[in-house]
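Number of protein chains: 4
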Amino acid sequence: MKKNKPKYKQIIDAAVVVIAENGYHASQVSKIAKKAGVADGTIYLYFKNKEDILVSVFEEKMGQFIEEIEKGISDKQTANDKLLTLIMLHFRQLADNHHLATVTQLELRQSDPQLRLKINKVLKPYLLVIDSIIKEGIEGSSFRDNLNTQLVRQMIFGTLDETVTNWVMKERKYDLVAQAEDVHALLINGLSVS
Amino acid sequence: MKKNKPKYKQIIDAAVVVIAENGYHASQVSKIAKKAGVADGTIYLYFKNKEDILVSVFEEKMGQFIEEIEKGISDKQTANDKLLTLIMLHFRQLADNHHLATVTQLELRQSDPQLRLKINKVLKPYLLVIDSIIKEGIEGSSFRDNLNTQLVRQMIFGTLDETVTNWVMKERKYDLVAQAEDVHALLINGLSVS
Amino acid sequence: MKKNKPKYKQIIDAAVVVIAENGYHASQVSKIAKKAGVADGTIYLYFKNKEDILVSVFEEKMGQFIEEIEKGISDKQTANDKLLTLIMLHFRQLADNHHLATVTQLELRQSDPQLRLKINKVLKPYLLVIDSIIKEGIEGSSFRDNLNTQLVRQMIFGTLDETVTNWVMKERKYDLVAQAEDVHALLINGLSVS
Amino acid sequence: MKKNKPKYKQIIDAAVVVIAENGYHASQVSKIAKKAGVADGTIYLYFKNKEDILVSVFEEKMGQFIEEIEKGISDKQTANDKLLTLIMLHFRQLADNHHLATVTQLELRQSDPQLRLKINKVLKPYLLVIDSIIKEGIEGSSFRDNLNTQLVRQMIFGTLDETVTNWVMKERKYDLVAQAEDVHALLINGLSVS
DNA sequence: TATGAATGAGGATTCATTCAT
DNA sequence: TATGAATGAATCCTCATTCAT
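Residue numbers (the working numbering), protein chains in the order written: chain A, 17 to 210; chain B, 17 to 210; chain C, 17 to 210; chain D, 17 to 210.
Below you can see the structure in the form of structure tokens.
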């Protein structure tokens, strides 16, 4: 399995840094190879093409990202707690790895729609985690029972994504994780008074 | 004023269609010129460069987009009604012009961060409209008074944006406008039961 | 006759200044038109094409240049005096009009060989003036009688040209006209001692 | 060292021929690549850009040119002999390689002043060789001791350059090398009788 | 004569990918 | 496995010239 060889990981890690530092368009394969300490041609022993590097970066990093979140919510008892934990871990992980944050929130969006489809596939498990929390909330009667799961998922993910993107675009000048509780309250209670 | 000349509008409209059909990267200037029925060089009498076409597309279309929404909410009495109207018009306008929807939700995101900054500037007035609704809601006591306006704006915009993007990515197979009321209810009431 | 109309001269004079200031390649027809205070299209009522402007500039300016020299040497009695006068006037005229000097010594050399042929045709009368001085010098026994006129002409013109070019390239930091007598002495006496 | 690799020399030689045959402006990089038998992109592994090809052509060829002359004059005893040898070798080398002659006398002059500066730098060693002959001539009392070295150098170089240019422009219809002795005599003795 | 908006041909350069070693 | 020299496709923009007014 190629994914366990050291050079595979070297290249993935080099790619995250190179893309974050140089931006998507200025991240030539040769630059990634240099950062990874391998020859240009070696890249193609581990990845089909440049797009495959990007998708793999996302797969690897999002895999860990989601795993971390799944682990974090597993011992929470209520949907409410799980949602709060998900938000906190979502924010914390990106706050802790700002290279990755830049890549996921800005640089990877520059890829073409075809690549975006693949990226969405990688994102799917995360959306399923969100769905499961929604379902649990409804069944446990902490959430209303007339909720449209798809819409709710879009609200949750859209809100988190927009919040992180704003934070990255404003050059991470404030504490992202500190906003987790407020975001959670907002999603739970909505805007209305009562 | 160049913006009122017919060729300016021809080129803008051609650009929307060409970008929607071919994608951002495959939209050569020559292709846009051909679609617009002008010579390649003519483009440069109206636009500084290729990027300027894209920014201008966004300016023109978002200008109309926002104007439409401002007009629509102007005769609504409550923040609640205004928010619902904003959501409906946001969805309706993109549903009615799916070329534009594709461009704003997918293709334009491929632009580099520098261009994104310009696009964000164009988006600013829209965010201000959202802010004014939030403020009105708080002052009119329909919304809670401890809301963080920035977070609320991110929730509203993030939710709408994610909802439209999903609809575009799923090839517009369902009725976007029909979801407006549910999205509105979700934002107003949140997830919780009471 | 177009050449006597005011706009013809306006365009010629504008061209000299524009080429001297911007260099040959950056001297667009539109820039010359603007400087001359006419529309782009008007240029083509007076000149066949851009090359024709350049050739005409040279014709006009060299015509005056040569005329001035012919006038200056007409009342000199000896070939020696005539040669000295030619050198002085050659240097003086270019020193007095540094725009023209820049154009003739640097910018016009960038033209393609085909254009250079036309320019050489304009230069012909000047070379004939030099030839006539040589002939007079030989017949009057001030110059040796075994001189090859073509070579002598090349030496005289080559020396003057190289001297002016050097002066222009060194940004005209020294007095060109002051070198006339030394150059003359050099051409007359050569390098040898006796 | 790239300059010793075979492709470097292939490209240089191809460039000389392509420029001589097509002229400076019609010498596209792709044409040079084709003539050299390499891909367009390969050019850029050896040269920074198109201008760099031209400067390198001049460097390579002038390097050999000057070396040849320095070698030729090294065993001549007098300044007179050295000057004659320099003239003969100058003429001979360009007569023997008429592609190079066309490039140096006509095509390369079309370059813009910025490039001309670089070319002048390459020419500098040649001018120094001329200067050293002048100095030797003065010190050895074969040349007058009141000579202005700069002017003499300009006379010598200007005369040789103009002579070669004329020969090229007259399509090399006569024997250039045969004129070396006459040119030499002219420079040594000047025009005057005694 | 004069205008100036419109035309459209033309070329240097980058960089993902290959393949002989 | 690993290398890195070589490949070659692909595109934005300028500007001399035209022509309807």
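In this text, a Cβ means the ideal position worked out from N, Cα and C, and glycines have one as well.
Counting only C-beta atoms, is residue i closer than 9 Å to chain C at any point?
i        : result
MET185/D : yes
GLN126/D : yes
ASN113/D : no
ASN20/D  : no
PHE107/D : no
GLN170/D : yes
GLY206/D : yes
What do you get for residue i, buried or exposed, if any count of 16 or more other CB atoms within 10 angstroms of its CB means buried?
i        : result
ASN96/C  : buried
GLY206/D : buried
LYS77/D  : buried
LEU133/D : exposed
SER210/D : exposed
GLN109/C : buried
TYR40/C  : buried
THR94/D  : exposed
Hey, residue i and residue j: beta-carbon distance below 9 Å or not?
i        : j        : result
PHE173/A : GLU178/B : yes
ILE89/B  : ILE149/B : yes
ILE59/B  : TYR142/B : no
HIS12/D  : VAL32/D  : Absent from the structure is residue 12/D, since the part of chain D shown begins at 17 and ends at 210.
PHE159/C : VAL145/C : no
GLN26/C  : GLY57/C  : no
SER13/D  : LEU70/D  : No answer is possible for residue 13/D: the residues shown for chain D start at 17 and end at 210.
VAL138/D : GLU75/D  : yes
ALA117/D : VAL73/D  : no
Looking at chain B, is there any beta carbon in it that lies within less than 9 Å of the beta carbon of residue i?
i        : result
TYR40/A  : yes
ASN65/A  : no
ASP198/A : yes
PRO141/A : no
ILE82/A  : no
GLN93/A  : no
List the whole-angstrom C-beta distance separating residue i from residue j, where the pair is believed to meet the contact cut-off of C-beta under 8 Å.
i        : j        : result
ILE103/B : LEU176/B : 6 Å
LYS47/A  : ASN38/A  : 7 Å
Using a Cβ-Cβ distance cut-off of 9 Å, determine whether residue i contacts chain A.
i        : result
GLU37/B  : no
GLU178/B : yes
VAL73/B  : no
ARG132/B : yes
ILE3/B   : Since the first residue of chain B shown is 17 and the last is 210, residue 3/B is not available in this structure.
SER157/B : yes
SER210/B : yes
ILE89/B  : no
Would you report the Cα separation of residue i and residue j, rounded to the nearest angstrom?
i        : j        : result
LEU122/B : LEU203/A : 26 Å
VAL119/A : LYS140/B : 24 Å
SER208/B : GLN166/B : 22 Å
LYS66/A  : ARG125/A : 15 Å
MET171/D : TYR24/D  : 36 Å
ASP91/B  : LEU99/B  : 12 Å
ALA194/D : VAL184/D : 15 Å
PRO22/B  : ILE28/D  : 52 Å
ASN164/A : GLU197/B : 12 Å
TYR190/A : SER43/B  : 38 Å
ALA55/C  : ASN182/C : 37 Å
LYS186/A : VAL45/A  : 29 Å
GLN36/B  : ALA30/A  : The sequence given here has Ala at residue 36/B, not Gln. If I take the Cα positions, the gap works out to 34 Å.
ASN162/C : GLU152/C : 13 Å
HIS200/A : TYR62/D  : 59 Å
LYS64/C  : ILE135/C : 16 Å
LEU131/D : ARG188/C : 19 Å
Please tell me whether residue i has its Cβ less than 9 Å away from any Cβ of chain D.
i        : result
THR116/C : Going by the sequence as given, residue 116/C is Leu instead of Thr. No - not a single Cβ of chain D is within 9 Å of the one on LEU116/C.
LEU167/C : yes
GLU123/C : yes
PHE173/C : yes
ARG222/C : Residue 222/C lies beyond the stretch modelled for chain C, which goes from 17 to 210, so this question has no answer here.
Return yes when at least one heavy atom of the ligand FAD lies under 8 Å from the C-beta of residue i, else no.
i        : result
ASP147/B : Ligands are entirely absent from the displayed structure, and the ligand FAD is therefore not among its contents.
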